[in-house]
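Take a look at the structure below.
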Amino acid sequence: MKNKKFIHCFSVILRAATLFSKFALVIMLAKLIPGGDVGLYGLLSAAIGYAIFIVGFEFYTYSTREMIAYPREQWGWMLKNQIVLTISVYIMFLPLLYFLYYLGILPVGTEFWFIALLIVEYVSQEINRVLITGRNYLLASIILFLRQGIWCWVVVAIMLMMPSLRNVYTVLIVWLVASGAACIIGGIYIFQFTHKYKGQGINWQWIKKGLKLSLPMLMAALAIRGIFTFDRFAIKDIGGLDVLGAYVFFASMASAVQSFLDTIVISFAFPELSKLAAEKKHEEFWITFKRFLLKTFLMSIFLCICCWLSGLIVLHWLNNQIYDRSYSLFIFLIFSTLIYCLSLIPHLGLYALREDTVIIKSQVVSLIVFIGAIIISIMLEELYMVMVGMILSFSVLLLWKSIMLFSKRKILCAE
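Printed below as a string of structure tokens:
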């Protein structure tokens, strides 16, 4: 029991350290490298993060449930099928990659970094999921810290000791090495308990079934992540890489609000809400949900205020005109983050009640609203229209999900 508690506590500490490391990296990059390089790093990070959803097809939502039903020694054939699917999607994705560079959406000269980082980030992420499914939480947390945490400090140390290496390529090289190392360590561990069981060959029916079940989740994920990705491309197109660098810096600070909210409130509330919904204990569900609503509302406001105050302190320390001139973007980002965090309240209720269709529709419509705002902003060359579009899209998300959850409550209470 003590060993389990130690592993749990150590895993939580590693995850918290990972969040802090990513946050600290962006602040130090803003201090040490040109704004344009910060912008390029943010653009590639967003593009890679979005591409992972496409090449991964959210297939893990199906494969992990399948793995749970089998001994881990028999997971090899499922992983083999998932690898075949991923390679197939990569092959189909390559022509799209060409157009991203041909149309100037991604800067020419970053092709190698985009492809290499996409591969190692996707593989290491899937390894993490397999380890968590196998309940090896400690190794999963160590690998997560390796691929997203410790390398941030290596980058900062290199730049402080060797000023000549203060550029975006130092970041990309260390990132690639760290994620590659995570793939090797996790891959060796998984191979040890899966390679002996041969199982089935390639089962296209199994893959087809998985695609059918994971497609709705892919649509929802692409829709919501699209808002957090396409904003950067619009900012780059209108304001250039220097303005994008400031935007990436402020967006990273604002995203810390979401990360802390998830760690402090949401990750603890969801299992309980999901359990009560599954057991059809509706009265207890709504009592618990009201507590969750109040906690999330108050914590969201508190974290946004902390983010704003922290931003003022960091801006004073940076003493950089590029970031000072873009301060108004920070205010817009904090406000849009607050609305998004509030939309997570009805979202979690709907998700616990398995109202997936409502979630998918609301997120797709929100993305459409945001894309419309982006088109207008590019046509008018108006930077702040991107921010207005983000606020509008998150407001649609909040109102739609709130109305549908309230309607669901009336139906359940009438039963």
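Here the sequence shown is numbered in the numbering used here, starting from 1303 and rising by one per residue.
The beta carbon of each residue, even a glycine, is placed where N, CA and C say it ideally should be.
On a predicted model such as this, the values are computed, not experimentally measured, just so you know.
Sequence-distant partners of R1374 (beyond 5 residues in either direction) whose C-beta falls short of 7 Å from its own C-beta, in its chain, are G1436, F1495.
I1421 is the residue among T1366, A1371, I1421 whose C-alpha sits nearest the C-alpha of V1391. Cβ neighbours of I1445 within its own chain (closer than 8 Å, five residues either side excluded): S1426, I1429, N1430, L1433, A1484, I1487, G1488. According to the DSSP assignment, Q1560 belongs to the alpha helix (DSSP H) that extends over 1506-1563. CA-to-CA, the gap between N1505 and L1387 works out to about 11 Å. Per DSSP, L1440 is one residue of the alpha helix (DSSP H) stretching across 1439-1447.
Taking C-beta atoms as the reference points, A1675 and V1690 count as a pair closer than 9 Å. In this structure, I1641 places its C-beta atom within 9 Å of the C-beta atom of I1693. By the CB criterion at 9 Å, V1470 and L1342 fall inside the cutoff. Shown here, E1360 sits in coil according to DSSP, grouped into three states, outside any helix or strand.
In this structure L1334 touches R1468 by the C-beta definition: roughly 5 Å separates them, less than 8 Å. DSSP, read as helix, strand or coil, puts N1430 in helix.
Contact between the stretch 1641-1658 and the stretch 1559-1577 is established, with three or more Cβ pairs separated by less than 8 Å. Counting the other Cβ atoms within 10 Å of the Cβ of I1529 gives 16 or more, which makes it buried. Here N1621 carries a coil assignment [DSSP, helix/strand/coil]. Taking 9 Å as the cut-off, the beta carbon of L1631 is found no closer than this to the beta carbon of L1682.
Excluding five sequence positions before and after F1355, the CB atoms of its chain that fall closer than 8 Å to its own CB belong to L1520, A1523, L1524, R1527, given in chain order.
In the DSSP annotation of this structure, the continuous segment of the alpha helix (DSSP H) that includes E1574 starts and ends at 1569-1580.
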